[in-house]
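Q:
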Amino acid sequence: MASLRAVNDKVRGGLALCPSDACDVDTMLVAVRNAAATAEPGTFAEASEAATEIQLGSRSVMVLDPAMRRVYGLLERLGPTSLPVLILGETGVGKENAAYAVHHYSKRAGAFHAVNCASIAESLAESELFGHERGAFTGAVSAKAGLFESAAGGTVFLDEVGELSPAIQAKLLRALQEKTITRVGDTRERAIDVRIVAATRRNLDEEVAHGRFRDDLMYRLAGAKVMLPPLRDRRCEIPLLARKFLEAFCREHDRPRKEITPDAMQVLLTYS
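With the sequence shown counted from 1, adding 805 to any position gets you the numbering used here.
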């Protein structure tokens, strides 16, 4: 494993890594952004021609690792079903792309709506998911549909679902069981038609054992489970991802196309 001293020594070679204990996609994105100003054009060879670009409508995913090929094959088979899907994996392994793949391969004509459950304040979670009526709480100057209504005919992706409070877990369970929701400040039940895909970095079996997550909700969410391997177990994809991030960074900031130097790429490949 590359030491932080060795990593920092590589800054002059075109790379600056964050001091993280895991080489995940988020860490790599920061590293690539830090490297962009000093990366040299044309110094890193093309990634293996064996890589496959999977087109998912407006998105695309580059896949090289055999395990990830199997994952996306499974997602393609799950798409046309009505099963709720629970995606498991560490932060930064591509859970949202996997969720979008399920939606893309489904027969649903509605939109894909994603929400990070960890980023919603508990006081607003019910309103964000299920909507509210005018005057339901301070600041509710007009009625608003929640995520489950807005995604009618489509897919709702609940990222980091393990972070939901017990109260919201109970309301989510009821929505899944009854296929209805009730807006905050209203008594009327509204029918919903959405496909649920959830994801978490947590071990939900352990969360259930410790009383932090409802076992009946986990059962409802996990019609099918999909495990995404961590990036450290599929290092062959690191060059693909690094190049993709660097190209996106250069486009976003209107910079000439650049390449990551071989020394810098080697640090990414050995840092774990």
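C-beta: ideal position from N, C-alpha, C; glycine also. Model, not experiment: these values are computed from the prediction.
1. Does the contact criterion of 3 or more C-beta pairs under 8 angstroms hold for the stretch 1008-1020 versus the stretch 967-980?
2. Can you tell which of Glu954, Gly944, Leu1009 has the C-alpha that lies nearest to the C-alpha of Glu965?
3. Take the Cβ of His937 as the centre, count every other Cβ of all protein chains shown within 10 Å, and call the residue buried at 16 or more, exposed below.
4. Beta carbon of Val989, beta carbon of Ala1029: below 8 angstroms?
5. Ignore the nearest five residues each way along the sequence and tell me which others in Ala827's own chain have a CB closer than 6 angstroms to its CB.
6. Quick one, which of Ser955, Ala916, Arg913 has its alpha-carbon nearest Glu933's?
7. Assuming Arg1025 is part of the beta strand (DSSP E), what are its boundary residues?
8. Taking C-beta to C-beta, are Leu952 and Val920 nearer than 8 angstroms?
9. Looking at the structure shown, is Glu1052 part of a helix, part of a strand, or coil, going by DSSP?
10. Residues in its own chain within less than 6 angstroms of Leu891 by CB, not counting five upstream and five downstream?
11. Please say whether Tyr910 and Glu931 have beta carbons closer to each other than 8 angstroms?
12. Using CA coordinates, which residue listed in Glu1011, Arg1006, Tyr877, Leu977 is at the minimum distance from Ile997?
13. What's the gap between the Cα of Arg995 and the Cα of Lys949?
14. Quick one: residues in its chain with C-beta nearer than 6 angstroms to the C-beta of Ser947, no 5 flanking neighbours on either side, listed in chain order?
A: In this structure, then:
1. Judged by Cβ distances under 8 angstroms, the stretch 1008-1020 makes contact with the stretch 967-980, as three or more pairs qualify.
2. Of the candidates Glu954, Gly944, Leu1009, the residue whose Cα lies closest to the Cα of Glu965 is Leu1009.
3. Result: buried.
4. Note that the C-beta distance between Val989 and Ala1029 is not below 8 angstroms.
5. Low confidence applies here, because Ala827 scores a pLDDT of 43, under 50, leaving its location unreliable and the question unanswered by this model.
6. Of the candidates Ser955, Ala916, Arg913, Ser955 places its Cα closest to the Cα of Glu933.
7. Note, Arg1025: premise wrong, no beta strand (DSSP E); alpha helix (DSSP H) at 1020-1026.
8. Annotated as proximal: Leu952 and Val920, with beta-carbon spacing under 8 angstroms.
9. It is helical.
10. If we look at Leu891 and ignore the five residues flanking it on each side, its Cβ neighbours are Ala1003, Leu1026, Ala1027, Lys1030.
11. Not closer than 8 angstroms, so no.
12. The shortest Cα separation from Ile997 among Glu1011, Arg1006, Tyr877, Leu977 belongs to Leu977.
13. For Arg995 and Lys949, the distance between alpha carbons rounds to 13 angstroms.
14. Listed in chain order, the non-local C-beta contacts of Ser947 below 6 angstroms within the same chain comprise Arg939, local neighbours out to five positions each way being set aside.
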